Amino acid sequence: MLPMIVPNPSLASLTESASDALGRFSGCPPEWFAAAPGRVNLIGEHTDYNAGWVLPIAIDRYTVLAAAPGAEATQLRVRSLAFEEEGVLSLDALDIPHPTPWMRYLQGVVVQYRRKGIECPALDIAVASSVPPGGGLSSSAALELAMAHLLESVTGQSLSSAARIDASIEAERQTAGVPCGMMDQTVVESAHPEHALLLDCADKTVTFVPFRQVEVTLLVIHSGVSHSLAQSAYAQRRDECERGARALGVSTLREVGLSDLRALDDELLRRRAHHVVSENARVQRSAAALQRCDWDTLGALMVDSHTSLRDDYAVSCDELDVLVRLAVAEAGVYGARLTGGGFGGCVIVLIEPERLEAVADSIGRQYAEQVGWAPTNYRIRSAAGAHALCAAL
Ligand code: ADP
Ligand code: MG
Numbered sequence: 003m004l005p006m007i008v009p010n011p012s013l014a015s016l017t018e019s020a021s022d023a024l025g026r027f028s029g030c031p032p033e034w035f036a037a038a039p040g041r042v043n044l045i046g047e048h049t050d051y052n053a054g055w056v057l058p059i060a061i062d063r064y065t066v067l068a069a070a071p072g073a074e075a076t077q078l079r080v081r082s083l084a085f086e087e088e089g090v091l092s093l094d095a096l097d098i099p100h101p102t103p104w105m106r107y108l109q110g111v112v113v114q115y116r117r118k119g120i121e122c123p124a125l126d127i128a129v130a131s132s133v134p135p136g137g138g139l140s141s142s143a144a145l146e147l148a149m150a151h152l153l154e155s156v157t158g159q160s161l162s163s164a165a166r167i168d169a170s171i172e173a174e175r176q177t178a179g180v181p182c183g184m185m186d187q188t189v190v191e192s193a194h195p196e197h198a199l200l201l202d203c204a205d206k207t208v209t210f211v212p213f214r215q216v217e218v219t220l221l222v223i224h225s226g227v228s229h230s231l232a233q234s235a236y237a238q239r240r241d242e243c244e245r246g247a248r249a250l251g252v253s254t255l256r257e258v259g260l261s262d263l264r265a266l267d268d269e270l271l272r273r274r275a276h277h278v279v280s281e282n283a284r285v286q287r288s289a290a291a292l293q294r295c296d297w298d299t300l301g302a303l304m305v306d307s308h309t310s311l312r313d314d315y316a317v318s319c320d321e322l323d324v325l326v327r328l329a330v331a332e333a334g335v336y337g338a339r340l341t342g343g344g345f346g347g348c349v350i351v352l353i354e355p356e357r358l359e360a361v362a363d364s365i366g367r368q369y370a371e372q373v374g375w376a377p378t379n380y381r382i383r384s385a386a387g388a389h390a391l392c393a394a395l
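Residues 3 to 395 (the working numbering) are what the sequence shown spells out, left to right.
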């Protein structure tokens with residue numbers, strides 16, 4: 003069977019799935035709903051921890067929570083359609099990380115809101131999602147921010163958007179135990195449809211850049227691999243960047259230009275820094291290209307980004323390189339690059355809409371021949387950030 007584009011359920015149908023699931027497991031109709039999108043980064047890879055810039059969009063794949071008052075006092079009972087096991091969290095014992103890893107993302111949000119004086123009451127919650135877990139499209143931030151909005155609906159108490167982002171980041175870092183950056187939660191919370199978000203990771207300022215997806219569309223292809231190297235290499239790259247900055251006498255690589263890098267004697271550190279400095283410049287140029295709908299330039303910058311990640315930063319892998327090579331050989335493709343940390347995960351392809359199906363089919367066929375398995379294709383549009391939904395269905 004050849005890989006087709008994975009169907010993209012509407013927000014309404016996900017809401018219905020969550021509602022049905024809640025009815026089946028708790029027997030109660032939902033009183034509250036919240037939804038949060040996944041995200042994809044157009045360009046700006048490994049720049050966030052160097053106080054640089056990133057250019058992500060929220061995508062039209064969502065995590066939806068439906069909730070009713072809890073049947074058991076002091077318990078959060080959760081049923082996710084993505085996992086077999088039901089999660090039960092005692093609201094009296096929030097200090098111990100939950101034994102079920104996926105429950106920790108929800109627990110973390112409950113813990114952070116409690117610290118801000120907002121108490122989670124007993125709830126039954128059902129989770130329906132079209133963001134694949136662990137697929138590089140930030141299902142974790144979607145889950146956290148949907149939970150944050152749900153809690154605010156239930157309690158009638160609200161945080162500012164910035165505090166909500168911080169609560170979700172800290173939930174993931176402290177309770178789920180994942181040392182995440184700030185990009186995912188910021189874009190999942192703050193995004194506007196038909197816009198990318200230019201995020202300055204030094205001071206967290208956001209500039210919205212119009213992204214008109216009439217002449218172009220985005221295809222995200224999951225390579226089907228996730229190499230175990232990713233975590234150790236991530237820590238190593240961070241260390242190399244810090245060493246490079248120290249050797250140049252600055253606190254972050256944001257502060258230097260390409261010509262400054264000649265002062266770096268160490269060839270390896272120079273290459274790592276070259277990626278970061280050149281990628282920051284590409285993000286700025288990409289934002290300008292988006293603004294004027296200059297798809298050729300944006301596509302070329304995406305390909306340059308991939309080359310830099312492959313050659314200077316050494317975080318690509320054969321499967322991602324094959325996907326990018328196949329993509330850019332197709333008519334109607336403006337550009338392609340790996341998106342996310344690398345060593346597997348996804349590539350993103352900027353493409354003429356009418357070529358979408360044919361290109362996905364052709365890349366999938368050749369990839370399967372060369373690599374031995376089919377990739378997974380998602381058609382992506384930019385979407386709005388996390389929000390509560392009206393409960394009246
Ligand atoms: P990504 O954010 O790229 O999808 P992560 O590893 O950061 O990958 O987060 C994936 C984890 O988030 C899952 O393993 C699971 O613990 C949690 N998660 C994501 N989506 C769901 C869901 N629909 N239901 C329950 N847990 C989820
Ligand atoms: Mg994540």
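Beta carbons: idealized from backbone N, C-alpha and C, even for Gly. Keep in mind that this is a model prediction, so the values were computed, not measured.
**Study point:** When 252, 41, 9, 6 are compared against residue 384, the one with the closest alpha-carbon
**Key:** Position 382 of the sequence shown, counting from 1, holds the residue named residue 384. The option with the nearest alpha carbon to residue 384 is 41.
Practice item. Return the CA-CA distance between residue 259 and residue 316, expressed in angstroms with no decimal places. Key: Here residue 259 corresponds to residue number 257 of the sequence shown, with the count starting at 1. Here residue 316 corresponds to residue number 314 of the sequence shown, with the count starting at 1. Roughly 21 Å between the two C-alpha positions.
Exercise for review: Could you please give the first and the last residue of the uninterrupted alpha helix (DSSP H) stretch that includes residue 52?
Suggested key: The residue given as residue 52 occupies position 50 in the sequence shown. Note, residue 52: premise wrong, no alpha helix (DSSP H); not H, not E.
**Study point:** Every unbroken beta strand (DSSP E) inside the region 81-148 [3 residues or more]
**Key:** Unbroken beta strand (DSSP E) stretches of 3 residues or longer found wholly inside the region 81-148: 89-92, 125-131, given in chain order.
Check your understanding: Can you tell me the Cα-Cα spacing of residue 9 and residue 378, whole angstroms?
Key -> The count along the sequence shown starts at 1 and reaches residue 9 at position 7. The count along the sequence shown starts at 1 and reaches residue 378 at position 376. Approximately 11 Å between the Cα atoms of the pair.
Check your understanding: Nearest-angstrom Cα distance between residue 75 and residue 36?
Key -> Within the sequence shown, numbered from 1, the residue matching residue 75 stands at position 73. Within the sequence shown, numbered from 1, the residue matching residue 36 stands at position 34. Roughly 22 Å separates the two Cα atoms.
Review point. Which residues bound the alpha helix (DSSP H) around residue 309?
Key: For the purposes of this step, residue 309 is taken as the residue at position 307 of the sequence shown. It spans 297-313 - the alpha helix (DSSP H) in which residue 309 sits, taken as one unbroken run.
Review point. In chain order, what residues of the same chain have a beta carbon less than 8 Å from the beta carbon of residue 277, not counting five sequence neighbours either side?
Key: Here residue 277 refers to the residue found at position 275 of the sequence shown. Excluding residues within five positions, the ones whose Cβ falls inside 8 Å are 48, 310, 311, 314, 315.
Review point. Run through DSSP, which three-state label would residue 317 get?
Key: On the sequence shown, residue 317 is found 315 positions in, with the first residue counted as 1. In this structure, residue 317 counts as coil in the three-state DSSP scheme.
Point to revise | residue 382 classed as buried or exposed, judged by whether at least 16 other C-beta atoms fall within 10 angstroms | key: By one-based count along the sequence shown, residue 382 stands at place 380. Residue 382 is buried by the Cβ-count criterion.
**Study point:** Boundaries of the alpha helix (DSSP H) in which residue 30 is found, first to last residue
**Key:** For the purposes of this step, residue 30 is taken as the residue at position 28 of the sequence shown. Per DSSP, residue 30 lies in no alpha helix (DSSP H) and is assigned neither H nor E.
Point to revise | Contiguous beta strand (DSSP E) assignments of at least 3 residues, all confined to the region 173-257 | key: Counting only runs that start and end inside the region 173-257, the beta strand (DSSP E) elements of at least 3 residues fall at 197-202, 208-212, 219-228.
Review point. Where does residue 395 fall in DSSP's three states?
Key: Working through the sequence shown from its first residue, we reach residue 395 at position 393. Low local confidence applies: a pLDDT of 48 at residue 395 is under 50, so the model's placement there is unreliable, and no value is given.
Check your understanding: Rounded C-beta distance between residue 174 and residue 182? I'm assuming under 8 Å.
Key -> For this step, residue 174 is matched to residue 172 along the sequence shown. For this step, residue 182 is matched to residue 180 along the sequence shown. Sure, about 5 Å apart at Cβ, within 8 Å.
Exercise for review: Look at the alpha carbon of residue 387 and the alpha carbon of residue 171, and state the distance between them as a whole number of angstroms.
Suggested key: On the sequence shown, residue 387 is found 385 positions in, with the first residue counted as 1. On the sequence shown, residue 171 is found 169 positions in, with the first residue counted as 1. Computed Cα separation, rounded: 16 Å.
Exercise for review: Find the nearest neighbour of residue 365 within the set 21, 322, 61, judged by alpha-carbon distance.
Suggested key: Taking the first residue of the sequence shown as 1, we reach residue 365 at position 363. The option with the nearest alpha carbon to residue 365 is 322.
Review point. Just reading off the beta strand (DSSP E) that residue 287 is part of, what are its end residues?
Key: Residue mapping note: residue 287 aligns to position 285 of the sequence shown, counting from 1. Per DSSP, residue 287 lies in no beta strand (DSSP E); the unbroken alpha helix (DSSP H) holding it starts and ends at 269-293.
Practice item. Kindly give me the distance between the Cβ atoms of residue 64 and residue 39, rounded to whole angstroms, as I take these residues to be in contact under 8 Å. Key: Counting from 1 along the sequence shown, the entry for residue 64 is found at position 62. Counting from 1 along the sequence shown, the entry for residue 39 is found at position 37. Contact holds; Cβ gap of about 5 Å.
**Study point:** Straight-line gap, residue 334 to residue 353 (C-alpha atoms, nearest Å)
**Key:** Stepping through the sequence shown from its first residue, residue 334 is reached at position 332. Stepping through the sequence shown from its first residue, residue 353 is reached at position 351. Distance between the alpha carbons of residue 334 and residue 353 is about 6 Å.
Exercise for review: Could you give the DSSP three-state label for residue 157: helix, strand or coil?
Suggested key: As a working mapping, residue 157 is identified with position 155 in the sequence shown. Here residue 157 sits in helix by DSSP.
Review point. Counting Cβ pairs closer than 8 Å, one from the region 131-147 and one from the region 200-209, do we hit at least three?
Key: Three or more Cβ pairs closer than 8 Å define a contact, and the region 131-147 falls short of that threshold against the region 200-209.
Exercise for review: Can you grab the Cα-Cα spacing for the pair residue 209 / residue 220, in whole Å?
Suggested key: Within the sequence shown, numbered from 1, the residue matching residue 209 stands at position 207. Within the sequence shown, numbered from 1, the residue matching residue 220 stands at position 218. Spanning the alpha carbons of residue 209 and residue 220 requires a straight line of approximately 21 Å.
Exercise for review: Starting from residue 339, trace the beta strand (DSSP E) both ways and give me its first and last residue.
Suggested key: By one-based count along the sequence shown, residue 339 stands at place 337. 335-341 is the span of the beta strand (DSSP E), which, as asked, contains residue 339.
Check your understanding: In its own chain, which residues sit with a C-beta less than 6 Å from the C-beta of residue 68, not counting the 5 before and 5 after it?
Key -> Working through the sequence shown from its first residue, we reach residue 68 at position 66. So the qualifying residues of the chain are 20, 21, 24, 32, 35, 128.
Exercise for review: Would you kindly work out how many angstroms separate the C-alpha atoms of residue 125 and residue 359, rounded to a whole number?
Suggested key: As a working mapping, residue 125 is identified with position 123 in the sequence shown. As a working mapping, residue 359 is identified with position 357 in the sequence shown. Roughly 43 Å separates the two Cα atoms.
Point to revise | Closer than 7 Å: residue 135 CB and nearest the ligand ADP heavy atom | key: By one-based count along the sequence shown, residue 135 stands at place 133. Under cutoff, so the answer is yes.
Check your understanding: Mind checking residue 1: buried by the 16 CB within 10 Å criterion, or exposed?
Key -> The shown model of the chain, from 3 to 395, leaves out residue 1, and the question about it has no answer.
Check your understanding: For residue 392, which residues from the same chain have a beta carbon less than 7 Å from its beta carbon, with the 5 sequence-adjacent residues on both sides left out?
Key -> As a first step, residue 392 is located in the sequence shown; it is residue number 390 there, counting from the start. Excluding residues up to 5 positions away in sequence, nothing lies with its Cβ nearer than 7 Å to the Cβ of residue 392 in the same chain.
**Study point:** Boundaries (first-last residue) of the beta strand (DSSP E) holding residue 8
**Key:** Position 6 of the sequence shown, counting from 1, holds the residue named residue 8. Element bounds for residue 8: n/a, residue is neither H nor E.
**Study point:** Nearest residue (CA-CA) to residue 240, options 252, 199, 274, 265
**Key:** For the purposes of this step, residue 240 is taken as residue 238 along the sequence shown, with counting starting at 1. When only C-alpha atoms are compared, the closest one is 274.
Review point. Got a sec? Which residues, its chain only, sit under 7 Å from residue 304 by beta carbon, not counting five neighbours each side?
Key: In the sequence shown, the residue the question calls residue 304 occupies position 302. 45, 337, 338, 339, 352, listed in sequence order.
Point to revise | beta-carbon residue 142 near the ligand MG non-hydrogen atom, thresh 7 Å | key: Within the sequence shown, residue 142 is the residue found at index 140, counting from 1. Yes - the ligand MG has a heavy atom lying nearer than 7 Å to the Cβ of residue 142.
Review point. Closest to residue 261 by CA distance: which of 343, 90, 250 is it?
Key: Indexing the sequence shown from 1 puts residue 261 at position 259. Checking every option, the nearest Cα to that of residue 261 belongs to 250.
Practice item. Could you check what DSSP says for residue 41 in three-state terms: helix, strand or coil? Key: Position 39 of the sequence shown, counting from 1, holds the residue named residue 41. Secondary structure of residue 41 (DSSP, three-state): strand.
Check your understanding: Hey, out of 254, 284, 246, 252, whose CA is closest to residue 269's CA?
Key -> Your numbering for residue 269 matches position 267 in the sequence shown. Nearest option by C-alpha distance: 246.
Check your understanding: Just to confirm, does residue 99 get its C-beta within under 7 Å of one of the non-hydrogen atoms of the ligand ADP?
Key -> One-based indexing of the sequence shown puts residue 99 at position 97. For the ligand ADP, not one heavy atom lies less than 7 Å from the Cβ of residue 99.
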